[in-house]
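Everything in the sequence shown is counted per UniProt numbering, starting at 1 for the first residue and increasing by one. Note sheet for the following structure.
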Amino acid sequence: MLYLKIVKNSGGTMRFIHTGDIHLGATPESKRPWAANRGDEIWNTLERLIKKIKIDPVDLLIIAGDMFHRQPLLRELKEVDYLFSTIPDTKVVLCAGNHDAIKKGSFYDGFKWSENVIFLGDKNIESVEIPELNTCVYGLSYHQTEIKDAMYDHVIVDRPDMINILVAHGGDEKHIPINRKKLAMSGFDYVAMGHIHKPEIDEKMKMAYSGSLEPIDMNDIGPRGYIYGEISKRGLELEFVPFAKRIYRELDFTVTPTATNLEIRHRLIDMIKEQGQDDMYKITFSGYRDPDFDIDVSDIEGVGNVVSVIDNTVPDYDFEELYAENKDNILGMYIKKFLDRESLTPLQRKTLYYGTKALMDAMEDRA
Numbered sequence: 001m002l003y004l005k006i007v008k009n010s011g012g013t014m015r016f017i018h019t020g021d022i023h024l025g026a027t028p029e030s031k032r033p034w035a036a037n038r039g040d041e042i043w044n045t046l047e048r049l050i051k052k053i054k055i056d057p058v059d060l061l062i063i064a065g066d067m068f069h070r071q072p073l074l075r076e077l078k079e080v081d082y083l084f085s086t087i088p089d090t091k092v093v094l095c096a097g098n099h100d101a102i103k104k105g106s107f108y109d110g111f112k113w114s115e116n117v118i119f120l121g122d123k124n125i126e127s128v129e130i131p132e133l134n135t136c137v138y139g140l141s142y143h144q145t146e147i148k149d150a151m152y153d154h155v156i157v158d159r160p161d162m163i164n165i166l167v168a169h170g171g172d173e174k175h176i177p178i179n180r181k182k183l184a185m186s187g188f189d190y191v192a193m194g195h196i197h198k199p200e201i202d203e204k205m206k207m208a209y210s211g212s213l214e215p216i217d218m219n220d221i222g223p224r225g226y227i228y229g230e231i232s233k234r235g236l237e238l239e240f241v242p243f244a245k246r247i248y249r250e251l252d253f254t255v256t257p258t259a260t261n262l263e264i265r266h267r268l269i270d271m272i273k274e275q276g277q278d279d280m281y282k283i284t285f286s287g288y289r290d291p292d293f294d295i296d297v298s299d300i301e302g303v304g305n306v307v308s309v310i311d312n313t314v315p316d317y318d319f320e321e322l323y324a325e326n327k328d329n330i331l332g333m334y335i336k337k338f339l340d341r342e343s344l345t346p347l348q349r350k351t352l353y354y355g356t357k358a359l360m361d362a363m364e365d366r367a
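Now the structure itself:
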């Protein structure tokens, strides 16, 4: 679990939840039958978060951009605003990111939010004071999908006596590059960042990426959720809280020369049951298999919520026999270089196996 504790405060703290990159409207893995409801699950997870806040209230909810996966429909904005209206004692601060940028005709323009909602909709950095929380929030919204200017580099807080929070969506060369050292000198007590889907807490700079609330594609490996924080002018405490309905996991499986497809299938089912049957898996096979054996990838995809299968196994060759059969061609010459050595390091052994497989595949293609 990601965790940062800079100063533990007692009294006078403001409690907040920082999330972002919710991507409402996305339909991850939509072509897979087991993922038919993934789009609904993203909405449901946002609703679960709001319900959690109703039960255990916080002072501030920060959504650091990309609440939607694309331009929101008017009815979708109304649905989200209704959810926010059910936590009237919590101030909600949000901005548009690169995915839901405020383009011409966007329903973000002119939308009337509930009284507890602060939408940082300007294309330039604006600030809004929340006197009851002794807090000032800063931020901007994307009005185009790419912003290459370092918009956050030169912002300075206006009220150093207040708790100052910057809501910043970006961090790569095409989406508002962020210089953390410069940003750390701007006087902010916390920088709530979005755009990068992997959660990260930067202890030194007092800033964090909440990561996506739900994983959006197979590159979003590992836990996803939100950041819970407590802040005052005397310090900051942050904790990453896993909250996603399901996550992507990488599963490494070592194959032996005696392995069969049924054995592999049964072992995978047990491994997935142990790690989490709701989760989504990228399976990578390694090791040595019988030269006459092939892993049945289509069968493997049926053992659970499998999004990719990578077969890095190599045949367990009898190199003496292979050399005898190929001593007059390039394959035989390649094998002989290794057989002439007294012993092989693990790396050399792997090179021998993979090189032999590549040469045999090439010879088969020419046949």
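Glycine is no exception: its CB is placed at the ideal position from the N, C-alpha and C atoms.
N- and C-terminal bounds of the beta strand (DSSP E) containing residue i
i, result
"S286", "280-289"
"Y138", "135-139"
"V297", "Segment 297-300 is the alpha helix (DSSP H) holding V297; no beta strand (DSSP E) there."
"N164", "163-169"
"A61", "This sequence places Leu at residue 61; Ala is not what is there. 60-63 is the span of the beta strand (DSSP E), which, as asked, contains L61."
"Y190", "190-194"
"F319", "F319 -> not in any beta strand (DSSP E); alpha helix (DSSP H) instead, spanning 319-326."
"D311", "306-311"
"S127", "126-130"
DSSP-derived helix/strand/coil call for residue i
i, result
"A244", "coil"
"H18", "strand"
"K91", "strand"
"T351", "helix"
"P346", "helix"
"residue 376", "Any property of residue 376 remains undetermined from this structure, which presents the chain solely from 1 to 367."
"M271", "helix"
"T13", "coil"
"I227", "strand"
"P33", "helix"
"D172", "strand"
"residue 368", "Residue 368 cannot be examined here, being either before or after the span of the chain that is shown, 1 to 367."
Proximal residues to residue i (C-beta, below 8 Å), its chain only, five neighbours per side dropped
i, result
"V297", "V309, D311"
"Y108", "P72, L77, A96, D100, I102, F119, G121, S141"
"K336", "Y323, K327"
"T260", "F293"
9 Å Cβ cutoff, residue i in contact with chain E
i, result
"V297", "In the displayed structure, chain E is absent; only one protein chain is listed."
CB contact flag (residue i, residue j, <9 Å)
i, j, result
"T135", "N164", "yes"
"F253", "P199", "no"
"H169", "N98", "yes"
"R70", "D100", "yes"
"A192", "L166", "yes"
"L359", "L339", "no"
"E41", "E214", "yes"
"P57", "D89", "yes"
"A362", "G194", "no"
"I50", "Y226", "no"
"I62", "L94", "yes"
"G187", "V157", "yes"
Among the options, nearest to residue i - alpha-carbon criterion
i, options, result
"K112", "L77, E325, T256, S127", "L77"
"T13", "I330, E79, E237", "E237"
"P346", "E129, L94, A324, G287", "G287"
"M162", "P215, R224, S232", "S232"
"E47", "S30, P315, K357, F243", "F243"
"residue 439", "K206, K182, I196, H197", "In the structure displayed, the chain extends from 1 to 367; residue 439 sits before or after that span and is not available."
"L268", "D290, V157, I295, M218", "I295"
Sequence-distant residues of the same chain with beta carbon closer than 6 Å to residue i, five excluded per side
i, result
"V34", "Sequence check: residue 34 is Trp here, not Val. Closer than 6 Å at the Cβ level, and outside the excluded window around W34, lie N305."
"D279", "R246, I247, R249"
"E230", "T13, R15, E237"
"K91", "L60, N116, I130"
"M333", "none"
Start and end residues, alpha helix (DSSP H) containing residue i
i, result
"L74", "74-85"
"D40", "38-55"
"Y334", "330-339"
"A259", "Run containing A259: none; DSSP gives neither H nor E here."
"A184", "180-184"
Own chain residues within Cβ distance below 7 Å of residue i, not counting five before or after
i, result
"N124", "L140"
"K54", "T86, I87"
"E301", "V309"
"R349", "none"
Proximity test, residue i beta-carbon vs the ligand SAH heavy atom, cut-off 8 Å
i, result
"N116", "The model on display carries no ligand, and the ligand SAH is accordingly not part of it."
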